[in-house]
Amino acid sequence: MASLKDIKKRIVSVKNTQQITKAMKMVAAAKLRRAQDAAVSARPYAEKLQSVMSNLAQREDGDGHALLNQRGTGRALIVLMTADRGLCGGFNANVSKEAERFILNNEHGFDDIDLMIIGRRGRDFLKNRVGEHITKVHEDITSGATYKTAQLIGQEVVDAYSDEKYDAVYVIYNAFKSAIEQIVTVEPVLPIQPQEAEEVIEDSVDYIYEPNRGEVLSQLLPKMVEVQIFRALLESNASEQGARMSSMDSASRNAADMINKLTLQYNRARQAAITKELMEIISGAESIK
Amino acid sequence: MAEKLKLEMVTPYKRVLSEEVDELTAPGFVGELGLLPGHTPLLTTLKVGELTYKNGNEVFHIAVNWGYLEVEDNTVTVLVDTAETADEIDLARAKAALGRAEDALKTLSHEDKKYVVMEAALQRALIRIQVAGKSH
Chain Z
1 MASLKDIKKR IVSVKNTQQI TKAMKMVAAA KLRRAQDAAV SARPYAEKLQ SVMSNLAQRE
61 DGDGHALLNQ RGTGRALIVL MTADRGLCGG FNANVSKEAE RFILNNEHGF DDIDLMIIGR
121 RGRDFLKNRV GEHITKVHED ITSGATYKTA QLIGQEVVDA YSDEKYDAVY VIYNAFKSAI
181 EQIVTVEPVL PIQPQEAEEV IEDSVDYIYE PNRGEVLSQL LPKMVEVQIF RALLESNASE
241 QGARMSSMDS ASRNAADMIN KLTLQYNRAR QAAITKELME IISGAESIK
Chain L
290 MAEKLKLEMV TPYKRVLSEE VDELTAPGFV GELGLLPGHT PLLTTLKVGE LTYKNGNEVF
350 HIAVNWGYLE VEDNTVTVLV DTAETADEID LARAKAALGR AEDALKTLSH EDKKYVVMEA
410 ALQRALIRIQ VAGKSH
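Rendered as structure tokens:
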């Protein structure tokens, strides 16, 4: 049986760990609120853009913009969004595994699939599994993701697509459902699938387009990509904080359980030691008589 | 004139404005663009510039970055990358940016990729300074 001192030491160390996980939980909770706010306030923009796009698509008789063309199954690019830091449960592993599955199964039958990873954790996870597919890694951008960041990534993706380096682009990220639930989502980004408008507007008043429809479209489409990436970044960030919060919460609870158990063990050992001592004293006194 | 335009302005970060206005002037891609209630449906891209709207006797100025504008049924939807009202603009910073852009432009050639970037930065700074000057 472990000595009293050993048990005491373990209790102290578990308590320290608990303190850290508790602090991390609080931090994650505060960050989650901020991330959620950001995700919510980005929504109107995305929605408006979406509605304008579907409006456009409705009147569009497909004058084939490059970003709308289905080019078949040549090379594909996956933009994978993970976190830079760990300790957030299955957050990184889930989404990375999905990317791995995507590459290995290759359900769409692409000739080749490249992987652009956002976040250190995804890289660490996939380096030894599908390392040869990784073409680019962005680090240290997830926590303070601004629209500018999304714009840069968006432009990179659009440029590569326009140069016909890739024939399809997907994003894989954790969509934010609630603080304790994240959904791994695979979303096609390019070519842009024009959404079928729910209801066809009767009085098809033609818009005046300035400078002209083609120009408007070619400016709007890259925007769509940027917005989609921006939204995914924000959602991923919110999910990360949520995942970290809940996993740190359960870690704190596990630590509390462990402390209880150890304290019980400690008390038992202490009592046993006292009893033993008493017995020795009594039997010692007995033998003198 | 009872009719008003409903103006909605959103950026990726937030909904900036949602109010009724009497008239609106926006920096359209092909030129300055004035909108009054009852305008026919229109979709245009915007360039860096100053958006002005009038509500009663009050006039408001907003510096906008690239974006676009849609008019339909007396509703004007403006989606822009950034939108700053006069009192949100940091004049000192805008002036510094202006100086930087001017210096950079002197050294760059027209073919340089960065030339376009710096030119855009120059324009943004100019507009910011212009709008900030109109705050009262």
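Chains Z and L, in that order, are what the protein sequence lines are.
All residue numbers for the first sequence refer to our numbering, where the first residue is 1 and numbers rise by one.
All residue numbers for the second sequence refer to our numbering, where the first residue is 290 and numbers rise by one.
By construction, the Cβ of each residue, glycine as well, lies at the ideal position given by its N, Cα and C atoms.
query                                                                                                                                                                                  : result
Would you kindly work out how many angstroms separate the C-alpha atoms of Ile183/Z and Arg33/Z, rounded to a whole number?                                                            : 19 Å
Could you name the residues of the same chain whose beta carbon sits closer than 6 Å to that of Pro316/L, not counting the 5 residues immediately before and after it, in chain order? : Leu335, Lys336, Gly338
Suppose you measure from the CA of Ala272/Z to the CA of Gly89/Z; what does that come to, to the nearest Å?                                                                            : 40 Å
Spell out whether any CB of chain Z is found under 8 Å from the CB atom of Leu368/L.                                                                                                   : yes
Scan the segment 300–317 of chain L for residues whose Cβ lies nearer than 7 Å to a Cβ of chain Z and list them as they occur along the chain.                                         : Thr300, Pro301, Tyr302, Lys303, Arg304, Gly317
Using the Cα positions of Ala410/L and Glu391/L, report the straight-line distance between them to the nearest angstrom.                                                               : 9 Å
Is the shortest distance between the beta-carbon of Pro222/Z and the beta-carbons of chain L less than 8 Å?                                                                            : no
Could you please give me the residues that DSSP links to Arg304/L through a beta bridge?                                                                                               : Val299/L
Which residue's Cα is closest to the Cα of Ser162/Z: His65/Z, Ala30/Z, Tyr209/Z, Val27/Z?                                                                                              : His65/Z
Using three-state DSSP, classify Ala145/Z as helix, strand or coil.                                                                                                                    : coil
Between which two residues does the alpha helix (DSSP H) carrying Tyr342/L extend?                                                                                                     : Note, Tyr342/L: premise wrong, no alpha helix (DSSP H); beta strand (DSSP E) at 338–344.
Would you say Ile173/Z faces chain L, with C-beta separation under 8 Å as the test?                                                                                                    : It is Tyr, not Ile, that sits at residue 173/Z in the sequence shown. Judged by the 8 Å Cβ criterion, Tyr173/Z is not in contact with chain L.
For the structure I just gave you, are there three or more beta carbon pairs, one from the segment 339–356 of chain L and one from the segment 258–273 of chain Z, closer than 8 Å?    : no
So Ala160/Z and Tyr166/Z are supposed to be a Cβ contact under 8 Å. How far apart are they, rounded?                                                                                   : 5 Å
With the cut-off set at 8 Å, would you say Ile118/Z and Met81/Z are in Cβ contact?                                                                                                     : yes
Residues of chain Z with a CB under 9 Å from the CB of Leu331/L: which are they?                                                                                                       : Tyr207, Ile208, Tyr209, Glu210
Beta carbons nearer than 8 Å to chain Z: which residues of the segment 334–348 of chain L have them?                                                                                   : Thr334
Between the Cα of Ala251/Z and the Cα atoms of Lys5/Z, Ser3/Z, Lys22/Z, which residue gives the shortest distance?                                                                     : Lys22/Z
Is it the case that the Cβ atoms of Ile229/Z and Ile153/Z are separated by a distance below 8 Å?                                                                                       : yes
DSSP state of Asn174/Z, grouped into three classes?                                                                                                                                    : strand
Which same chain residues end up closer than 8 Å to Ser246/Z when comparing Cβ atoms and leaving out the 5 residues on each side of it in sequence?                                    : Gly89, Ala179, Ile180
Chain Z partners of Val319/L, CB-CB under 7 Å?                                                                                                                                         : Glu210, Pro211
So, do the segment 67–83 of chain Z and the segment 342–360 of chain L have three or more beta carbon pairs nearer to each other than 8 Å?                                             : no
Please state if the CB of Ala28/Z and the CB of Arg244/Z are separated by a distance shorter than 8 Å.                                                                                 : yes
Should Phe230/Z be flagged as near chain L, meaning a C-beta pair shorter than 8 Å?                                                                                                    : yes
Which same chain residues end up closer than 6 Å to Gln70/Z when comparing Cβ atoms and leaving out the 5 residues on each side of it in sequence?                                     : Pro191
Taking C-alpha atoms, which residue in Glu377/L, Glu292/L, Val299/L, Phe349/L lies nearest to His328/L?                                                                                : Glu292/L
Under 7 Å Cβ-Cβ, which residues of chain L neighbour Lys291/Z?                                                                                                                         : Lying outside 1 to 289, the shown extent of chain Z, residue 291/Z is not represented and no answer is given.
Quick one: is Ile172/Z buried, meaning 16 or more other Cβ sit within 10 Å of its Cβ, or exposed?                                                                                      : buried
List, from N- to C-terminal side, the alpha helix (DSSP H) runs of 4 residues or more that fit wholly inside the segment 91–146 of chain Z.                                            : 91–105, 120–130
Please list, in chain order, the residues of the segment 35–47 of chain Z that have any C-beta partner in chain L closer than 7 Å.                                                     : Ser41, Ala42, Pro44, Tyr45
Please classify Arg75/Z: does DSSP put it in a helix, a strand, or coil?                                                                                                               : strand
Measure the CB-CB distance between Ile282/Z and Lys15/Z and report whether it falls below 8 Å.                                                                                         : no
Contact criterion: CB-CB distance below 8 Å. Does Tyr404/L meet it with respect to chain Z?                                                                                            : no
Just curious, the alpha helix (DSSP H) that Ile20/Z is in, first and last residue?                                                                                                     : 4–41
From the DSSP secondary-structure annotation, give me the bridge partner or partners of Leu368/L.                                                                                      : Val299/L, Tyr357/L
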